[in-house]
Ligand code: SF4
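Spelled out as structure tokens, the structure:
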């Protein structure tokens with residue numbers, strides 16, 4: 055099929071800087087420091103090696119070659135231009151890769167495969183997608199819906215505006231409808247039988263549309279919606295600690311390996327080389343997953359170690375203890391003209407000097423400039439590139455005022471000092487997040503500046 059610009063949804067001829075809060079898609083790319091960024095989620099849950107190699111070719115031909123897997127398991131291609139985006143669309147169509155459009159509806163990456171899941175969420179997600187498309191409601195561009203049937207790699211920790219979580223009941227399976235949070239924090243609306251689940255979500259969607267195109271799940275009152283649905287009170291549901299997709303998982307009698315490019319980003323050349331190496335190890339199928347991960351199927355106990363070795367050679371993480379996985383890092387000067395320093399090198403320095411403190415209990419963000427693409431929310435610790443150097447922001451966003459700024463070449467010793475300070479103050483068994491919380495900002499700033 056030949057795809058032309060005119061066939062694409064959206065004004066490709068009027069591509070401009072997408073406002074923050076919108077969602078960069080093929081039809082509406084986002085302008086960043088390294089050109090246009092396109093985010094896409096293939097409709098097919100399972101990708102072949104052929105698909106991955108085609109994506110690598112397209113990233114190289116039409117962008118700057120950088121491929122990212124986002125925290126929600128979407129693909130991002132960077133460094134495109136107004137002229138090259140239509141060619142990317144044509145290339146994707148030619149490769150048979152169809153990006154999802156409309157409201158983002160996420161299901162666990164192993165839905166339908168994992169024998170431990172309560173339900174296969176994919177058919178319900180498809181029915182929901184069709185209902186939303188038919189209704190053509192005007193909803194917030196970043197609205198997210200999670201349909202979670204459980205399983206080893208459930209989406210329990212994925213924040214969404216609207217959630218449907220499978221619940222096992224004595225009388226059969228039900229779906230818990232909730233708003234604005236992860237499985238633990240979302241506010242419950244109703245417990246619905248399968249045949250009522252789509253209607254339940256559509257009631258929520260209509261309520262959002264009635265408020266306006268910026269409304270999110272947090273803006274709704276669950277009590278009013280429960281009354282509208284005639285729903286009984288919802289009992290609490292068990293929430294097991296979610297498993298991180300990185301590393302080796304036994305899924306039934308199958309071995310699945312979770313990989314993640316270092317800091318969520320890989321060049322197309324390495325991506326293609328790794329794909330070929332994984333195929334040589336027996337890989338037959340690939341699935342995008344949250345936490346910047348790519349799941350590899352087709353391996354066995356004998357070949358998974360070889361696959362992990364290939365990943366490590368390609369600067370791709372393959373174990374749950376990779377400390378860098380807890381750091382949010384943007385493209386930096388290697389891929390973005392707005393960056394004032396090499397964010398990936400800074401993150402590597404952080405891991406080398408304070409890797410033992412990166413226990414996942416606090417957010418760390420390394421941003422090439424105050425735009426803060428990799429972590430728009432506040433983080434406990436942010437290193438942000440500015441015209442004057444690398445700023446330290448505590449408990450804020452990248453664009454917030456830095457408590458201290460150092461020249462980029464003074465960053466490594468500063469990280470060493472911060473690591474030493476925190477290590478010396480840490481109590482037995484204390485999380486690093488708690489340690490940072492109870493350490494005065496002035497003390498952290500003094501260590502950063504070398505004024506201890
Ligand atoms: S935050 Fe990073 S990727 Fe985003 S514009 Fe700034 S330097 Fe570029």
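Residue numbers (the working numbering): 55 to 506. Ideal Cβ placement from N, Cα and C applies to all residues, glycine included. Given the structure is predicted, the values throughout are model-derived calculations rather than measurements.
Query	Result
Excluding sequence positions up to five away, which residues of its chain have a Cβ less than 6 Å from the Cβ of residue 419?	382, 429, 433, 436
Any idea if residue 122 is buried or exposed, counting beta-carbon neighbours within 10 angstroms, 16 or more meaning buried?	buried
For residue 438 and residue 446, what's the separation of their Cα atoms in angstroms?	7 Å
Would the C-beta of residue 86 count as close to the ligand SF4, meaning under 7 Å from any of its heavy atoms?	yes
Looking at residue 295 and the ligand SF4, is the gap between the Cβ and the nearest heavy atom below 7 Å?	no
Could you check whether residue 341 and residue 173 sit closer than 8 Å to each other, using their CB atoms as the reference points?	no
Can you tell me whether residue 104 is buried or exposed? The criterion is at least 16 other CB atoms within 10 Å of its CB, across all chains shown.	exposed
DSSP three-state call for residue 205: helix, strand or coil?	coil
Residue 507: buried (16+ other C-beta within 10 angstroms of its C-beta) or exposed?	Past the boundaries of the shown model lies residue 507; the chain is included only from 55 to 506, so the question cannot be answered.
Excluding the 5 residues preceding and the 5 following residue 450 in the sequence, name in chain order all residues of the same chain whose CB lies nearer than 6 Å to its CB.	432
Do residue 199 and residue 175 have their C-beta atoms within less than 8 Å of each other?	no
Is any heavy atom in the ligand SF4 found nearer than 7 Å to the beta carbon of residue 422?	yes
Identify whether residue 490 lies in helix, strand or coil by the three-state DSSP scheme.	helix
For residue 322 and residue 155, I'd like the C-alpha separation in whole angstroms.	24 Å
Figure out for me which residue from 140, 194, 289 has the closest Cα to the Cα of residue 267.	194
Between the Cα of residue 378 and the Cα atoms of 237, 247, 416, which residue gives the shortest distance?	416
For residue 246, count the other beta carbons within 10 Å of its own beta carbon; 16 or more makes it buried, fewer makes it exposed. Which is it?	buried
How would you write the range of the alpha helix (DSSP H) that residue 357 sits in, first residue to last?	From DSSP, residue 357 is part of no alpha helix (DSSP H); its letter is neither H nor E.
Examine the Cβ distances between the region 341 to 356 and the region 305 to 317 and report whether three or more of them are shorter than 8 Å.	yes
Would the beta-carbon of residue 386 be found less than 7 Å away from any heavy atom of the ligand SF4?	yes
Are there any heavy atoms of the ligand SF4 lying less than 7 Å away from the beta-carbon of residue 382, as far as the coordinates show?	no
If you run the structure through DSSP and keep just helix, strand and coil, what is residue 177?	helix
Judging by CA-CA distance, which residue of 136, 254, 413, 476 is the nearest neighbour of residue 181?	254
Could you name the residues that DSSP lists as bridge partners for residue 84?	91
Could you tell me the boundaries of the beta strand (DSSP E) in which residue 320 lies?	319 to 321
Among all the DSSP beta bridges, which residues are the ones paired with residue 424?	Partner(s): none; residue 424 has no beta bridge.
Who are residue 497's beta bridge partners in DSSP?	According to DSSP, residue 497 bridges with nothing at all.
Is residue 469 closer than 8 Å to residue 503 when the C-beta atoms are compared?	no
With which residues is residue 226 paired in a DSSP beta bridge?	223
Going residue by residue through the region 357 to 439, where are the continuous alpha helix (DSSP H) segments of at least 4 residues, counting only ones entirely within it?	358 to 367, 397 to 408
Quick check: residue 179 and residue 161, are their CB atoms within less than 8 Å of each other?	yes
By DSSP, does residue 75 sit in helix, in strand, or in coil?	Confidence at residue 75 is low in this model, with a pLDDT of 48, below 50, so its placement is unreliable and the value that follows should be read with caution. Reduced to three states, the DSSP call for residue 75 is coil.
In terms of residues, what are the limits of the alpha helix (DSSP H) holding residue 195?	Run containing residue 195: none; DSSP gives neither H nor E here.
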